[in-house]
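In the UniProt record's numbering, the protein residues as written are 1 to 564.
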């Protein structure tokens, strides 16, 4: 059922009214009447809302491009902060959008940078999670109303939201819209977050003393966790390593992962051969019966997303990519280069940076190292002049690069990574084994599976030492274990490609998903209904009873036009 209440305090005293919530897929009567179908032809309109971080924007853009290629009008919603960054990297013209693909913005509620403060850095993740949860529902509601009132595009027919932007579920359900969630991380990491409650119930968390971070407590094997194998406490997403029973990120993770049960469908950027067991466990956790959301594995999205599309929407990078990275790789021997990139969020100390630097130098290998402006905590990255002199002929430093193309280049033989999920999938798609230095959140879970289950990785201790870095690079590039890992990585590459091809599981799942979205959207209404709906949105868009009146009349109009 749809509960027509505003989740802010404004309407908290109002009595809730329940009306039926459309199922997924939404069933249409008169399916065998061509004349009726011909009358019901407006274009579907998907509003895509990513969490405002690079690792979430990229997979959501892939989903948006896939829907756009299949006839959907798309509105892609960025935070105002990230939109400004994208304008700087992509240009104003690119961010204007294209035919049937528009960009929109909402504020993220975070305080903007003051004068003299860098406004081109990744925002603090816990603060951003808290801010979006508490402040973004109102702006998103208003955006949907504005889109429905606009005369230059179709009315909104469905919302595709990042799973951790769950506040948008309220806005979608108020309008009776199908609501699809995208989980941008791995299925095993979803289970890691979802089972926080299990760790708390067993008394394993929260931590009792700060010494437990270093005394071996985190190496405890946590047994009988549905869907997960051989997990130590340190392999669960890192927010659980808190002594605070009211730790915000723990409660946030539990709430957002459990709330997914209310979605119409859930999309995963993974594929069955890789995470089938975890996906089944996830489906079981999302409920039983007809009301639970269907889970679709549609990854790797980088392989599934259409290649022939407008350059305007082919890529959204918050950092300007240096194309010379690909030029530098030309002419290098196959599998001879170590690619180093710790992603868009990881930060380290300058001491750790120096240890990685000398590890690369001592390995004797060619390397390409991406060093973001904000990679070093609270300071600029400073590399020793001696290191720069010693590696000048075999190293390339870049601020950002087109990672997917780099990992698919034959010269790249190893990837020193943080094990973020996008990087994990892209390395598999390139057939490149990894050396992993996980930093926080789900990266520990991904690393555990890369090293212990999928056979494509080796882990560096969190207390990084140059000797260990050089040793692991040598083992991966020259050793017997490295050969086995390279073979496994190539096998995963082939399985990923097969999944995304016509006839593959990923390809078929996305076909089923988008056709279900297409038929479920409450969109196939005649022109009179469109006029009335737009009048409702503009007339009552800001009034106290907008939610109740809009949903009630929309359901009546949809039933009139042949839905049940």
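Just so it is clear, CB atoms sit at the ideal spot from N, CA and C, and this is done for glycine as well.
List the DSSP bridge partners of residue 104.
-> Position 104 of the chain shown, counted from the start, is the residue given in the question as residue 104. Per DSSP, the beta-bridge partners of residue 104 are 77.
Leaving out five residues before and five after residue 333 in sequence, what residues of the same chain have Cβ atoms less than 8 Å from its Cβ?
-> Taking the chain shown and counting its residues from 1, the one referred to as residue 333 is at position 333. Excluding its 5 nearest sequence neighbours in each direction, residue 333 has C-beta neighbours in its own chain below 8 Å: 411, listed in chain order.
Alpha carbon to alpha carbon, how far is residue 322 from residue 430?
-> Position 322 of the chain shown, counted from the start, is the residue given in the question as residue 322. Position 430 of the chain shown, counted from the start, is the residue given in the question as residue 430. About 20 Å.
Collapsed DSSP secondary structure at residue 407 in the structure displayed = Position 407 of the chain shown holds residue 407. When DSSP states are grouped into helix, strand and coil, residue 407 belongs to the helix group.
How big is the Cα-Cα spacing for residue 153 and residue 227?
-> For the purposes of this step, residue 153 is taken as residue 153 along the chain shown, with counting starting at 1. For the purposes of this step, residue 227 is taken as residue 227 along the chain shown, with counting starting at 1. Between the C-alpha atoms of residue 153 and residue 227 there is a straight-line separation of about 43 Å.
Compute the distance between the beta-carbons of residue 419 and residue 402, then report whether it is under 8 Å.
-> Taking the chain shown and counting its residues from 1, one reaches residue 419 at position 419. Taking the chain shown and counting its residues from 1, one reaches residue 402 at position 402. Between residue 419 and residue 402, the gap from beta carbon to beta carbon reaches 8 Å or more.
Beta-carbon proximity list for residue 103, same chain, < 6 Å, skipping 5 on both sides | Numbered from its first residue, the chain shown carries residue 103 at position 103. Here the set comprises 76, 95 and 97.
Measure the beta-carbon distance from residue 417 to residue 186 and round it to whole angstroms, keeping in mind my assumption that it falls under 8 Å.
-> Residue 417 sits at position 417 when you count from the first residue of the chain shown. Residue 186 sits at position 186 when you count from the first residue of the chain shown. So it is not a contact: roughly 14 Å between Cβ atoms.
Provide the residue span of the alpha helix (DSSP H) that contains residue 71, from first to last.
-> The count along the chain shown starts at 1 and reaches residue 71 at position 71. Membership of residue 71 in any alpha helix (DSSP H) is not indicated, and neither H nor E is assigned to it by DSSP.
Using the beta-carbon count (16 or more within 10 Å), is residue 349 buried or exposed?
-> In the chain shown, residue 349 corresponds to position 349, counting from 1. Exposed, by the Cβ-count rule.
Cβ contact (3+ pairs, closer than 8 Å) linking the region 232 to 244 and the region 147 to 161 | Between the region 232 to 244 and the region 147 to 161 there are fewer than three C-beta pairs closer than 8 Å, too few to call the two in contact.
Of the residues 164, 354 and 343, which one's Cα is nearest the Cα of residue 443?
-> Counting from one through the chain shown, the residue named residue 443 turns up at place 443. Per the Cα distances, 343.
Extent of the continuous beta strand (DSSP E) run through residue 344 | Translated into positions along the chain shown, residue 344 becomes position 344. No beta strand (DSSP E) holds residue 344; DSSP gives it neither H nor E.
Between the Cα of residue 267 and those of 296, 292 and 258, spot the shortest distance and give me the residue it belongs to.
-> Position 267 of the chain shown, counted from the first residue, corresponds to residue 267. When 296, 292 and 258 are compared, the shortest CA-CA separation from residue 267 is found for 296.
For the candidate residues 188, 300, 303 and 459, whose alpha-carbon lies nearest to that of residue 283?
-> Here residue 283 refers to the residue found at position 283 of the chain shown. Per the Cα distances, 188.
CA-CA distance, residue 509 and residue 79?
-> Looking up residue 509 in the chain shown gives position 509. Looking up residue 79 in the chain shown gives position 79. Using only the alpha carbons, I get a separation of about 30 Å.
Apart from the five residues on each side of it in sequence, which residues of its chain come closer than 8 Å, Cβ to Cβ, to residue 52?
-> Residue numbering aside, residue 52 sits at position 52 when the chain shown is read from its first letter. Counting only Cβ-Cβ distances below 8 Å, and skipping sequence neighbours, we find 78, 79, 81, 82, 108, 123, 128 and 132.
Can you give the Cα-Cα distance for residue 511 and residue 191, rounded to whole angstroms?
-> Taking the chain shown and counting its residues from 1, the one referred to as residue 511 is at position 511. Taking the chain shown and counting its residues from 1, the one referred to as residue 191 is at position 191. If I take the Cα positions, the gap works out to 26 Å.
Distance, residue 47 Cα to residue 359 Cα = Position 359 of the chain shown holds residue 359. Position 47 of the chain shown holds residue 47. Between residue 359 and residue 47, the C-alpha separation is close to 46 Å.
Burial state of residue 377, where buried means 16 or more other Cβ atoms lie within 10 Å | As a first step, residue 377 is located in the chain shown; it is residue number 377 there, counting from the start. The residue in question, residue 377, is exposed, as its Cβ has fewer than 16 Cβ neighbours within 10 Å.
Touch check for the region 255 to 269 and the region 284 to 304: three-plus C-beta pairs under 8 Å?
-> A contact between stretches requires three or more CB pairs, one per stretch, nearer than 8 Å, and the region 255 to 269 meets this requirement with the region 284 to 304.
Short check: CB of residue 517 to CB of residue 158, under 8 Å?
-> The residue given as residue 517 occupies position 517 in the chain shown. The residue given as residue 158 occupies position 158 in the chain shown. Their beta carbons are under 8 Å apart, which means residue 517 touches residue 158 by this criterion.
Considering only residues of the same chain and omitting the five flanking positions on each side of residue 277, which have a CB-CB separation below 7 Å?
-> Reading the chain shown from its first residue, position 277 is the one you call residue 277. Taken in chain order, the residues that qualify are 227.
Buried versus exposed call for residue 50 [16 or more other C-beta atoms within 10 Å across all chains shown] = Against the chain shown, residue 50 aligns to sequence position 50. Classification for residue 50: buried.
N- and C-terminal bounds of the beta strand (DSSP E) containing residue 464 = Position 464 of the chain shown holds residue 464. No beta strand (DSSP E) contains residue 464, which DSSP labels as neither H nor E.
Which full runs of the alpha helix (DSSP H) of 4+ residues lie inside the region 254 to 338, going along the chain?
-> Segments of the alpha helix (DSSP H) lying fully in the region 254 to 338: 272 to 285, 301 to 304 and 324 to 329.
Taking only the alpha-carbon atoms, compute the straight-line gap between residue 232 and residue 448 and give it to the nearest angstrom.
-> Here residue 232 is taken as the residue at index 232 of the chain shown, counted from 1. Here residue 448 is taken as the residue at index 448 of the chain shown, counted from 1. Approximately 9 Å between the Cα atoms of the pair.
Along the chain, where does the beta strand (DSSP E) that runs through residue 415 open and close?
-> Stepping through the chain shown from its first residue, residue 415 is reached at position 415. Secondary structure note for residue 415: its beta strand (DSSP E) is the uninterrupted segment 412 to 417.
Secondary structure of residue 478, DSSP reduced to three states = Locating residue 478 in the chain shown gives position 478, counting from the first residue. Helix at residue 478.
Bridge partner(s) assigned by DSSP for residue 364 | If you number the chain shown from 1, residue 364 lands on position 364. Beta-bridge pairing links residue 364 to no other residue.
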